[in-house]
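Residue 22 is where the sequence shown starts when you use the numbering used here, and the numbers rise one by one after that. Ideal Cβ placement from N, Cα and C applies to all residues, glycine included. Shown next, in C-alpha cells, is the structure this report addresses.
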Amino acid sequence: MKAQVREEDLRFETERRLFCKGSALVRFESLNWEEHKIRQHDPKNVLRLKKIFEKEGCRSLKVGNHIPAIVDQRHLDAAIENAKQKEMWNAGVLPSSYATIDSENGYPELEFPGGINCLHGFHRIQAGKALRPAEKWWIVDLYLSGISYEMRAILDEEYSNEDRPCDGQIYRKIREYQYLPQKADALVLPATCVSFEMRWWSRFNESRQKRLRGLFRHRLVAAGFDALTKIPALFDAGMKVTTLNTVLATRCYEEIYHYLIHIFTAFVGFFNGIENGIQRLDKATVKAIERRAPAVSTSDSQELSIAIFNGAIFSGFNSQERSIIWGNILKFRGIIPSLSTFFEDMHLLEACVNSIRWLVTVTTDQTDQKNNTVFTALEQAFQSQEGTQCTQVVQTTETTFRLVKGSQTYCTKLGYLQIFAFAMKDYRDLPKQSVRKNLVEIARPKADSEVLQKFASFANQLGFSTPQIERLKGMEPLTFSEVEALVPVPKTAVVKIKRRSGMPHTDTFEEDRQHLYLHNLFQSEEADEGITSFYVLKSWFNAFFGTWAIPVPSTDSNMSPPKDEEVKTESVDLRRTQLRPLGPQHSARIAKDTKLGKPKNGVKQIPKAKVSPTLKMEIDAPPDSTPRKLIRFVEQDGNATESLDQLLESNGVFQLWVDVGDPNSLVKQQVIDFKDKGKRTCDKNNRHITADECYNVATMAGNNNTLFVISEIKPEEDRQRREELETSVMDGVEFEREEIKPEEQARLDLYSVPSIPTEE
C-alpha cells in the first residue's frame, strides 16, 4: 500500500509540473467558481479566515495561499501577450507556483476578459475583499484545462488554511470514491479511488472512523443516509458522525430509515418543477426552514413567505422559481424535518427503546435476523391466533379500550405502535436497565415498579409474551371502566422553534402525555396560529412510524377488557380526521346494528350488542388504503334539527364508511336497504331525499355528513294526502291547490307505479 501511495504521489507531482504554467496576479472580477461552491458560502468560515488574516496578514504571496484555477492554453497565451504589449511583463514564462517571491512585482498582472474557473478559494477571496478593499487581485496558480480528474480532485481538496471539512462533506467524499469505480463513465482507476478514499478517512479520528464503519455495516440505515447525500446542503448542515453509535444502538433500523426518507421526500418535493433544485439549495436556507410548519402554522407561513419572496432564503433561485417552491412547501403538512431534527429526535426514540427493553431482549447478533431489531423481537413475541384474522385491543384513554379485527400482520403492527406510544408516555418511569455489575455507587434513576407492572400487563393484553413480560406482569389483568367519549386533546401553548425537536419539556409534557394514544397521534389538524407541544409529539411519531391505518376512534366502540362480551358505543365525533382509512375492498364495511332502540332526546339509540370477543369489530385496515368519508344515519321522530345539534352527545347512530372515489353508489345502496326495511331517508328538516341525492345532501355545509331515517309513509296515506292537495269544490267554495315542493314530489313519485304501454 505504501509503495502504491509513493507511486501515485510521484505521478501526480509529475502531472502538476507538466500542466501548471506558473502563477500570476488576477483581479477579483475575473475569478469564477462553479455554482455549487458559491452556494456553499459559509459566513462563519469567512469570519474565521478574516481573523487569521488579521493576525497573520493575507499573505497571498505564500504558496499555500495561492488559488488554483483552470485556463485554456489559448486564453493564457493571449493574456501573456497582452501583458507584454502593456509592458507589464517582459519574461517569456510565468513564475513557477513553487517559487518564493517576496513582492507582488515578481508576478505579472494578467487580464482574462472571460474569467477563469477557480477550483477553490471562494471564502478566501470574500475575507480578502473585506480586509484589503484597496487591492483587487489575488495570486493564482494557472493549470491547463487538460489536467486529469485525479489532479483536479487533489487541487480542489487542498489548502493550508482551509476550514476543517464538516462531517457531511467527509462522508460524501468517502461514498463518492467508494461508488465511483462502479460508474460506467468513471475516469479514475479503482486503485486511485481507494487511495483518494483513504485520504478522506484520515480526516476522521479513530473514534469517528469506527462509528462510520459501523453505519456502513447496516445497509438499510446507510441507504437512508446515502439518499440524503443527493442534497449536499441538507446533508452537510446536519450530519453528525459522533452520534451514529446512539442511532444504531436503538435497533430501530426500519424506523430510522423511515425518518431519513421522510426528510428526503420532503425536500425533493419542495423542488418539484425546479430544474436542478436540490443542488442549488444552500445551508442557510436549510437552517431557516427546518422545524417550521407553514402549512399548519399561520405565523410560520407569514414569516417564511416574507423571507422567501424577498430573497433572504432560496437566494439561488429567481422569483418565479421561489413562487413554485413556496407552493410546494405549503403542500407539506407537518414540521419540516432535517438531519438536525433527526439527531435531536433520536434522544426520545432512545428513551422509548430503553423502556421497551424491560419487556423484550434484542440480540446484538447480526446473524439473528429474527431478533436483531426491536420490531422483529416483538414480532417474534406476538402470540398468533387461530384463523386468518385476529383481534387486537386499541387503547383510547387511560381506562378504556376497544377491539379491532384484522390480519395477524396488521394486529402485530398495531400492538407494536401501542407499545411505543406507552413507552413514549411513561419513559421517565422506565429508565434504562443497568446491565453491568459492580458499578460505581452513584445515584441512578430506577424504574417505577407499578408502571413497569402495568407496562408488562398491557403488552400481554396486546398479545406479546416474553419471559420478561411473564415475570413482570401483575397476577390480575388490567381492569377498565367505560366512559362516554374520548378525552379531547387540549390546545396547549405554542412552542418556540428550538423546542420543536428533541426531548419533551416538563412544563408541557405532563398534560400532553395524558393524550398519547394512537388515534390522537395520527389525527391531522387544521391550520392554526402556532405549533403546540402536542403537535410536536405527533410529528415526532409520524416521522419515525409514518401515518398508519388505524380505526377511527369515533366510529368504534369503547371496550372493557377483552373478557367482557358487551360492547358500548362511544359518542360520535363529527370533527373531520384525515387518518389513513380502510382499503377499497373494505370501504363499505359497516359498523351497525339491525334493530334500533328507544328514543333519547329525539334520537333513537343503538342498543348494546351481545357478541363474542373475536367478532366485536369488523375492521381490517391495510396500510395502502384510500381516502374515505363517514356518513351517519340517525333515526328520529319529529323535527331533526335539534337531533343534529345534539348529535355530539348522542349514541344512536348508524355509520357507513364510503370511498371518496365512488361515494354515491354506496350511500344509494344503503338508502335502498333502508327503504326495503320500511325506512325513509330525509334531511334535518324532514324533507325526503332521493337515493341518488343522499350523499350530496349529507355532505353539504351544515349537515355534518348526517342523514335522518323516518318511518315509512304507506301508499294509501300518500294517495289520501294527494287528494287533499288537489283543487276541489265543496259547498260552492273553491280551494287553492297547495304547492308541492320538488323534494316532496320526488318522495311521492317513489310510490307511483309506471304504466305499462299497451299494444295498439
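Between the segment 283-294 and the segment 318-334, can you find at least three pairs of beta-carbon atoms closer than 8 angstroms? no
Only counting the same chain, and skipping five residues up and downstream in sequence, which positions put a Cβ closer than 8 angstroms to that of L473? Here residue 473 refers to the residue found at position 452 when the sequence shown is read from its first residue. Closer than 8 angstroms at the Cβ level, and outside the excluded window around L473, lie W379, D450, L451, L493.
Residues near K700 by beta carbon distance below 8 angstroms, same chain, minus five either side: Reading the sequence shown from its first residue, position 679 is the one you call residue 700. Around K700: E656, V730, I731, S732, E733.
Between the segment 321-340 and the segment 478-485, are three or more C-beta pairs nearer than 8 angstroms? no
Among the residues of its own chain, which have a CB less than 6 angstroms from the CB of F363, if the five just before and after it don't count? Residue mapping note: residue 363 aligns to position 342 of the sequence shown, counting from 1. So the qualifying residues of the chain are Y280.
Spell out whether any CB of chain B is found under 7 angstroms from the CB atom of F225. This model lacks chain B altogether; it includes just one protein chain.
Just how far apart, CA to CA, sit M219 and S51? Locating residue 219 in the sequence shown gives position 198, counting from the first residue. Locating residue 51 in the sequence shown gives position 30, counting from the first residue. Spanning the two alpha carbons is a distance of roughly 35 angstroms.
Whole-number beta carbon distance between I357 and A314, since they are thought to touch under 8 angstroms: Position 293 of the sequence shown, counting from 1, holds the residue named residue 314. Position 336 of the sequence shown, counting from 1, holds the residue named residue 357. Yes, A314 and I357 are in contact; Cβ-Cβ is about 7 angstroms, under 8 angstroms.
Since G149 is in the beta strand (DSSP E), which residue starts that stretch and which ends it? Within the sequence shown, numbered from 1, the residue matching residue 149 stands at position 128. Element bounds for G149: not the beta strand (DSSP E) but the alpha helix (DSSP H), 143-152.
What is the DSSP secondary structure of E130, reduced to helix, strand or coil? Locating residue 130 in the sequence shown gives position 109, where the first residue counts as 1. Note: E130 maps to strand in three-state DSSP.
Quick one, are the C-beta atoms of W347 and I329 less than 7 angstroms apart? On the sequence shown, residue 347 is found 326 positions in, with the first residue counted as 1. On the sequence shown, residue 329 is found 308 positions in, with the first residue counted as 1. Yes. Within cutoff.
Taking the CB atoms as reference points, tell me whether Y200 and F217 lie closer together than 7 angstroms. Position 179 of the sequence shown, counted from the start, is the residue given in the question as residue 200. Position 196 of the sequence shown, counted from the start, is the residue given in the question as residue 217. No, the Cβ-Cβ distance between Y200 and F217 is not below 7 angstroms.
Mind checking which residues open and close the alpha helix (DSSP H) that includes Q401? Residue numbering aside, residue 401 sits at position 380 when the sequence shown is read from its first letter. Q401 -> alpha helix (DSSP H) spans 395-402.
Only counting the same chain, and skipping five residues up and downstream in sequence, which positions put a Cβ closer than 7 angstroms to that of D177? In the sequence shown, counting from the first residue as 1, residue 177 sits at position 156. If we look at D177 and ignore the five residues flanking it on each side, its Cβ neighbours are L140, H141.
Can you pull the DSSP bridge partners for N138? If you number the sequence shown from 1, residue 138 lands on position 117. In DSSP, N138 forms a bridge with N53, I91.
For N86, count neighbouring Cβ atoms within 10 angstroms of its own Cβ and tell me buried if that reaches 16, exposed if not. Numbered from its first residue, the sequence shown carries residue 86 at position 65. The residue is buried, with at least 16 neighbouring Cβ atoms inside 10 Å.
Residue ranges of each alpha helix (DSSP H) within the segment 25-49, 4 or longer: none
How would you label S181, buried or exposed, when you count the other beta carbons within 10 angstroms and need 16 or more for buried? The count along the sequence shown starts at 1 and reaches residue 181 at position 160. Unreliable positioning characterises S181 in this predicted model, as indicated by a pLDDT of 46, which lies under 50. A coordinate reading is not provided.
By the three-class DSSP mapping on this structure, what secondary structure does C411 have? To locate residue 411, count along the sequence shown from 1; it is residue 390. DSSP places C411 in strand when its eight states are reduced to three.
I'd like to check one pair, L537 with K446: are the Cβ atoms closer than 7 angstroms? For this step, residue 446 is matched to residue 425 along the sequence shown. For this step, residue 537 is matched to residue 516 along the sequence shown. Going by C-beta atoms, K446 is nearer than 7 angstroms to L537.
Can you name the start and end residues of the alpha helix (DSSP H) that S478 belongs to? For the purposes of this step, residue 478 is identified with residue 457 of the sequence shown, where counting begins at 1. Start and end: 470-482.
For A205, count the other beta carbons within 10 Å of its own beta carbon; 16 or more makes it buried, fewer makes it exposed. Which is it? Working through the sequence shown from its first residue, we reach residue 205 at position 184. Its Cβ having fewer than 16 others within 10 Å, A205 is exposed.
Helix, strand or coil: which one does DSSP assign to G551? Locating residue 551 in the sequence shown gives position 530, counting from the first residue. G551 falls in the coil class under three-state DSSP.
Count the other C-beta atoms from every protein chain shown that fall within 10 angstroms of the C-beta of R343, then say buried if there are 16 or more, exposed otherwise. Residue 343 sits at position 322 when you count from the first residue of the sequence shown. The residue in question, R343, is buried, as its Cβ has 16 or more Cβ neighbours within 10 Å.
The beta strand (DSSP E) enclosing I731, as first and last residue numbers: The residue labelled residue 731 in the question sits at position 710 within the sequence shown. Where I731 is concerned, the enclosing beta strand (DSSP E) stretches over 727-732.
If you measure between the beta carbons of A99 and E132, is that distance less than 7 angstroms? In the sequence shown, counting from the first residue as 1, residue 99 sits at position 78. In the sequence shown, counting from the first residue as 1, residue 132 sits at position 111. No, Cβ-Cβ distance for A99 and E132 is not below 7 angstroms.
Which of helix, strand or coil does DSSP assign to D162? One-based indexing of the sequence shown puts residue 162 at position 141. DSSP places D162 in strand when its eight states are reduced to three.
Does DSSP put H536 in a helix, a strand or coil? Residue mapping note: residue 536 aligns to position 515 of the sequence shown, counting from 1. Three-state result, H536: helix.
Mind checking which residues open and close the alpha helix (DSSP H) that includes V307? For the purposes of this step, residue 307 is taken as residue 286 along the sequence shown, with counting starting at 1. Run containing V307: 304-310, per the alpha helix (DSSP H) assignment.
With 16 other CB atoms within 10 Å as the buried threshold, where does T748 fall? In the sequence shown, the residue the question calls residue 748 occupies position 727. With a pLDDT of only 40 at T748, under 50, the local geometry of the prediction cannot be trusted, and no value is derived from it.
For G167 versus S117, is the C-beta spacing smaller than 7 angstroms? In the sequence shown, counting from the first residue as 1, residue 167 sits at position 146. In the sequence shown, counting from the first residue as 1, residue 117 sits at position 96. Result no, Cβ atoms of G167 and S117 do not sit closer than 7 angstroms.
Nearest-angstrom Cα distance between H283 and S560? Start at 1 with the first residue of the sequence shown, and residue 283 comes out as number 262. Start at 1 with the first residue of the sequence shown, and residue 560 comes out as number 539. Cα to Cα, the separation comes out at about 11 angstroms.
Where does V381 sit, in a helix, a strand or coil, going by DSSP? Counting from one through the sequence shown, the residue named residue 381 turns up at place 360. Looking at V381 - three-state DSSP - the assignment turns out to be coil, as it is neither helix nor strand.
Answer yes or no: do P129 and A45 have a C-beta to C-beta separation smaller than 7 angstroms? Within the sequence shown, numbered from 1, the residue matching residue 129 stands at position 108. Within the sequence shown, numbered from 1, the residue matching residue 45 stands at position 24. Yes, the Cβ-Cβ distance between P129 and A45 is below 7 angstroms.
Taking the C-alpha atoms as reference points, what is the distance between L31 and R38? Taking the first residue of the sequence shown as position 1, residue 31 is located at position 10. Taking the first residue of the sequence shown as position 1, residue 38 is located at position 17. Roughly 11 angstroms between the two C-alpha positions.
Less than 6 angstroms between C-beta atoms, sequence neighbours within five positions excluded: which residues of the same chain meet that for C411? Within the sequence shown, residue 411 is the residue found at index 390, counting from 1. Here the set comprises Q429, C432.
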